[in-house]
Ligand code: CDP
């Protein structure tokens, strides 16, 4: 079976949690595509060369989840040659046998417009910043400023800007708990699965 679940949305909207839950529930493979851009940013040097030479062990670094790594990721993610270098790997992952969940910014719009399920997971900037602050600590106002800056860069770039695919199902998690958001997403997937 080839079956792709594309999950896009801004930082800290809940994409990661929802993606892992869908992968667990339905036995699909999962790719957090943000990690690819975080790893390219963290490698430093020429980002295009880094993207072309990316290895699995680069994704296993333990410093990829910091606010700085997120900012570096969104800067290198605006470079078209970086995105082009990461495209084939993501497409192959999406259309490989067995079902796949990919979360990112351009999965439903660029990487896999033919995805069987497209979700756009979002929440207000304040709610997202609060969630990220619970993970990283520090000054909450600074985390909110960082979230807004990254949103603006991701939505404003010319190549593969963050936006919902026209046929995406919108899930606003501002007032939802994790269980509720996961249930809403799984219901969409269950509904689209081919009958076995
Ligand atoms: O976890 P969080 O939502 O904060 O960020 P992420 O998904 O790890 O993505 C980090 C950055 O990588 C984003 O701000 C985007 O600039 C970039 N990215 C992208 O351009 N395209 C993707 N498919 C995934 C991430």
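Numbering (the numbering used here), first residue to last: 939 to 1134.
We put the beta carbon where it would ideally sit given N, CA and C, even for glycine.
Between the region 981–990 and the region 953–968, the count of Cβ pairs shorter than 8 Å is below three; the stretches do not touch. The residues 952, 956, 1109, 1111, in chain order, have a CB closer than 7 Å to that of residue 1119 in the same chain once the five nearest residues on each side in sequence are set aside. Rounded to the nearest angstrom, the gap between the Cα atoms of residue 1065 and residue 1082 is 9 Å. DSSP places residue 1042 in the uninterrupted beta strand (DSSP E) bounded by 1038–1042. The C-beta distance from residue 1070 to residue 991 rounds to 30 Å, too long to fall under 8 Å, and the pair is not in contact.
For residue 1080, the distance from the CB to the nearest heavy atom of the ligand CDP is not below 7 Å. Ranking 940, 1127, 1027, 1072 by CA distance to the CA of residue 1106 puts 1127 first.
Close CB contacts of residue 1059 within its chain, under the 7 Å cut and outside five residues either way in sequence, are with 945, 947, 951, 952, 953, 956, 1109, 1111 (chain order).
Taking one beta carbon from each stretch, the region 1076–1091 and the region 1020–1032 have fewer than 3 pairs nearer than 8 Å; the two do not touch.
The three-state reading of DSSP puts residue 953 in helix, counting H, G and I together.
In the DSSP annotation of this structure, the continuous segment of the alpha helix (DSSP H) that includes residue 1119 starts and ends at 1116–1130. For residue 967, the enclosing beta strand (DSSP E) starts and ends at 967–970. Its chain contains 1063 as the residues whose beta carbon lies nearer than 7 Å to that of residue 1086, once the 5 sequence neighbours on both sides are disregarded; these appear in chain order. CA-to-CA, the gap between residue 1096 and residue 1073 works out to about 30 Å. Taking a C-beta distance under 8 Å as the contact criterion, residue 971 and residue 1041 qualify as a contact pair. At a Cβ-Cβ threshold of 8 Å, residue 942 and residue 1032 count as neighbours. With a cut-off of 7 Å, the C-beta of residue 971 is classified as near the ligand CDP, since at least one heavy atom of the ligand falls inside that distance.
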